[in-house]
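I have placed the structure first, in the form of structure tokens, so that the comments after it can refer back to it.
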Amino acid sequence: MLASCSGDKTVRIWQQNPSDKLSDPWLCKAILDETHTRTVRSCAWSPSGKLLATASFDATTAIWEQVGDDFECVATLEGHENEVKSVSWNSSGSLLATCSRDKSVWIWEVLPGNEFDCVSVLTGHTQDVKMVQWHPFMDVLFSCGYDNTIKVWADDRDSDDWECLQTLNEANNGHSSTVWALSFNSAGDKMVTCSDDLTLKIWGTDGPMNGDEFAPWRHLCTLSGVHDRTIFSIHWSREGVIASAAADDAIRLFADESDGSVEGPSYKMLLKKEKAHDMDVNAVQWSSKENRLLASASDDGTIKIWELTSLP
Amino acid sequence: MTGLINANPTVYERKERRPRTVPSFTNEDEYSPEAIDQLEVFDILFYFLIIQFNVNKYPEHPYSLEELKVITEDAVEVNDKNSHVRVTFTPTVEHCSMATIIGLCIRVKLLRSLPSRFKVDITVAPGTHATEAAVNKQLNDKERVAAALENPNLVEMVDQCLAPSYD
Numbered sequence: 033m034l035a036s037c038s039g040d041k042t043v044r045i046w047q048q049n050p051s052d053k054l055s056d057p058w059l060c061k062a063i064l065d066e067t068h069t070r071t072v073r074s075c076a077w078s079p080s081g082k083l084l085a086t087a088s089f090d091a092t093t094a095i096w097e098q099v100g101d102d103f104e105c106v107a108t109l110e111g112h113e114n115e116v117k118s119v120s121w122n123s124s125g126s127l128l129a130t131c132s133r134d135k136s137v138w139i140w141e142v143l144p145g146n147e148f149d150c151v152s153v154l155t156g157h158t159q160d161v162k163m164v165q166w167h168p169f170m171d172v173l174f175s176c177g178y179d180n181t182i183k184v185w186a187d188d189r190d191s192d193d194w195e196c197l198q199t200l201n202e203a204n205n206g207h208s209s210t211v212w213a214l215s216f217n218s219a220g221d222k223m224v225t226c227s228d229d230l231t232l233k234i235w236g237t238d239g240p241m242n243g244d245e246f247a248p249w250r251h252l253c254t255l256s257g258v259h260d261r262t263i264f265s266i267h268w269s270r271e272g273v274i275a276s277a278a279a280d281d282a283i284r285l286f287a288d289e290s291d292g293s294v295e296g297p298s299y300k301m302l303l304k305k306e307k308a309h310d311m312d313v314n315a316v317q318w319s320s321k322e323n324r325l326l327a328s329a330s331d332d333g334t335i336k337i338w339e340l341t342s343l344p
Numbered sequence: 505m506t507g508l509i510n511a512n513p514t515v516y517e518r519k520e521r522r523p524r525t526v527p528s529f530t531n532e533d534e535y536s537p538e539a540i541d542q543l544e545v546f547d548i549l550f551y552f553l554i555i556q557f558n559v560n561k562y563p564e565h566p567y568s569l570e571e572l573k574v575i576t577e578d579a580v581e582v583n584d585k586n587s588h589v590r591v592t593f594t595p596t597v598e599h600c601s602m603a604t605i606i607g608l609c610i611r612v613k614l615l616r617s618l619p620s621r622f623k624v625d626i627t628v629a630p631g632t633h634a635t636e637a638a639v640n641k642q643l644n645d646k647e648r649v650a651a652a653l654e655n656p657n658l659v660e661m662v663d664q665c666l667a668p669s670y671d
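Protein chains in written order, with the working numbering: chain A, 33 to 344; chain B, 505 to 671.
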């Protein structure tokens with residue numbers, strides 16, 4: 033199942049067609065409309081797959097639940113002053129994060145009966161926040177945006193409030209323009225970010241992955257010259273393949289080719305897909321079920337499903 | 505917005521239009537995509553981009569961007585092969601608060617006029633605006649532009665700027 037969202041204010045749910053996998057492999061199963069009044073900028077399935085969260089320029093985040101064959105809006109999260117740009121569930125599905133052009137990041141607690149309580153408003157960014165993303169298994173939140181930074185947030189057990197633990201900016205080899213997206217490898221010890229500065233950056237942490245102690249993130253390497261225009265989206269597959277999508281209409285795939293040498297990781301481009309779409313490619317996302325299926329979405333109004341047929 | 509931002513702008517004479525050569529259709533495949541050149545993009549902007557400096561309508565002075573030297577033909581770069589257009593514009597004063605609106609108008613006009621394969625970059629001419637980097641960043645952030653174009657007040661202002669000239 034795939035959810036897509038659009039400037040047409042709707043969300044569409046797509047499902048693989050079991051009866052005709054060749055000529056008509058994906059069917060639009062539901063259209064979620066008449067709830068958001070402006071562009072729906074992003075959407076995210078809860079870890080259980082039972083709920084879908086959608087973030088909209090109308091300043092709200094909607095929560096949808098599948099009821100039979102239909103999807104019902106079961107909650108609307110209000111509070112941001114203007115456009116909500118991204119939404120992310122933590123690994124257990126107990127917390128939700130949203131971010132907005134109002135420069136803030138909100139953390140919501142998921143309570144029984146589809147109740148959502150705002151537990152913290154994080155105000156560290158100085159500009160538009162483009163994306164929020166939880167760590168794949170720890171309750172540590174990452175946000176990035178128009179102020180060219182990536183911020184790392186966690187719950188301070190002493191004060192019982194959320195605080196910014198680290199800011200990755202140009203001073204620590206970070207990006208020199210808007211950071212559009214970030215994604216983690218499956219081990220959770222590496223992160224990739226993409227930017228308007230036309231680079232991808234790989235970051236790593238050495239820390240214990242049990243969440244007891246915060247281990248800072250550091251810059252490992254920068255991939256430049258891989259796209260000609262703004263890189264909007266990036267996603268790291270469970271098999272270790274990084275997909276990137278940009279305003280140059282192209283999709284690129286990368287993989288780690290480190291030989292364990294002291295020089296640190298190096299990434300090689302596996303595939304250049306020029307003209308993957310007729311216009312800007314806004315999003316790429318690997319399937320969580322089928323490791324080698326990749327979905328891409330574009331200004332040309334289409335979603336394409338790609339299959340990676342071989343790994344080197 | 506009330507009053508004039510720049511009450512007495514310097515108005516330059518319009519440059520004589522270079523005649524466009526009309527391609528003959530005899531040897532052309534009518535389905536071949538038409539090449540877009542610099543003059544055509546400039547014409548798109550020239551004929552329709554009228555910025556009225558008084559937003560409350562000031563009908564005696566609907567200067568076009570060319571008459572104010574906000575855009576000149578040389579400031580429009582077109583690479584048809586790569587489907588790329590770059591427009592560099594010059595705000596009338598260094599602190600021109602209309603700079604982002606002018607840039608937005610240029611972007612909307614080209615969005616509506618050019619084939620969708622074109623990528624457009626719009627920037628303020630270097631050294632001509634106090635917050636040049638901020639204006640450029642905002643004009644080229646497509647998410648911010650998309651959000652702005654969902655704002656009815658802004659769209660109304662842009663449409664007003666893009667209204668056909670009176671001459």
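Every residue, glycine too, gets a C-beta built ideally from N, C-alpha and C.
When DSSP states are grouped into helix, strand and coil, B:L608 belongs to the helix group. Residues of the same chain with a CB within less than 6 Å of the CB of A:S256, apart from the 5 flanking positions on each side, are T231 in chain order.
Annotation for B:L643: the continuous alpha helix (DSSP H) segment containing it runs E636 to L643.
In this structure B:R648 is buried. Its beta-carbon is surrounded by 16 or more other beta-carbon atoms within 10 angstroms.
DSSP places B:K585 in the coil class of the three-state scheme, outside both helix and strand. Distance between A:A315 and A:T225, taken at the CA atoms: about 13 Å. For A:S342, the three-state secondary structure derived from DSSP is coil.
Counting only residues of its own chain and dropping the five nearest sequence neighbours on each side, B:D541 has a CB closer than 7 Å to the CB of V582 and D584.
Around the C-beta of A:N146, fewer than 16 other C-beta atoms lie within 10 Å, and the residue is accordingly described as exposed. With fewer than 16 other Cβ atoms inside 10 Å of its own Cβ, A:C60 counts as exposed. The beta carbon of A:S218 is closer than 6 Å to those of R270 in its chain, skipping five residues each way along the sequence.
By the rule that beta-carbons nearer than 9 Å mark a contact, B:R590 does not touch chain A.
Under the 9 Å criterion on CB atoms, B:R616 is classed as non-interfacial with respect to chain A. The three-state secondary structure of A:N204, taken from DSSP, is helix.
Residues of chain B with a Cβ closer than 7 Å to the Cβ of A:E115 are, in chain order, A651. Apart from sequence neighbours up to five positions away, the residues of its chain that approach B:K623 with a beta-carbon distance below 7 Å are S587 and H588, ordered along the chain.
Note on geometry: alpha-carbon atoms of B:N644 and A:L214 lie some 21 Å from one another.
Around the beta-carbon of A:P168, 16 or more other beta-carbon atoms lie within 10 Å, marking it buried. Cβ proximity to chain A below 8 Å picks out S620, R621 and K623 from the region 606 to 638 of chain B. The beta carbon of B:N644 sits closer than 9 Å to some beta carbon of chain A.
With distances taken between CA atoms, A:G81 lies nearest to A:N122 out of A:N122, A:N204 and A:E141. Three or more beta-carbon pairs separated by less than 8 Å are not found between the region 134 to 151 of chain A and the region 612 to 630 of chain B, which leaves the two stretches without contact.
B:E660 has a beta carbon lying at 9 Å or more from every beta carbon in chain A. Linking A:D331 to A:D190 through their CA atoms gives a straight-line distance of about 46 Å.
In the three-state scheme derived from DSSP, where H, G and I count as helix and E and B as strand, B:R616 is classed as helix. Those residues of the region 83 to 113 of chain A placed with their C-beta closer than 8 Å to a C-beta in chain B are F89, ordered along the chain. By the neighbour-count criterion, in which 16 or more other beta carbons inside 10 Å mark a residue as buried, A:D134 falls on the buried side.
Scanning its chain for C-beta atoms nearer than 8 Å, with the 5 sequence neighbours on each side dropped, one finds around A:P57 the residues Q48, N49 and I337, in chain order. Of all residues in the region 194 to 222 of chain A, only S209, T210 and W212 come within less than 9 Å of chain B when Cβ atoms are compared, listed by chain position.
The Cβ atoms of A:V72 and A:S38 sit closer than 9 Å to each other.
Taken through DSSP and simplified to helix, strand or coil, B:R590 comes out as strand.
Close CB contacts of A:G156 within its chain, under the 6 Å cut and outside five residues either way in sequence, are with K183 and C196 (chain order).
Within the region 55 to 84 of chain A, the residues whose Cβ lies closer than 9 Å to some Cβ of chain B are R70, T71 and R73, listed in chain order. For the set A:S276, A:S298, A:N205 and A:E289, the Cα lying nearest the Cα of A:S328 is the one of A:S276. Residues of the region 119 to 139 of chain A with a C-beta atom less than 9 Å from some C-beta of chain B are R133, listed in chain order. Chain-order list of chain B residues neighbouring A:A279: K623 and K646, by C-beta distance under 8 Å.
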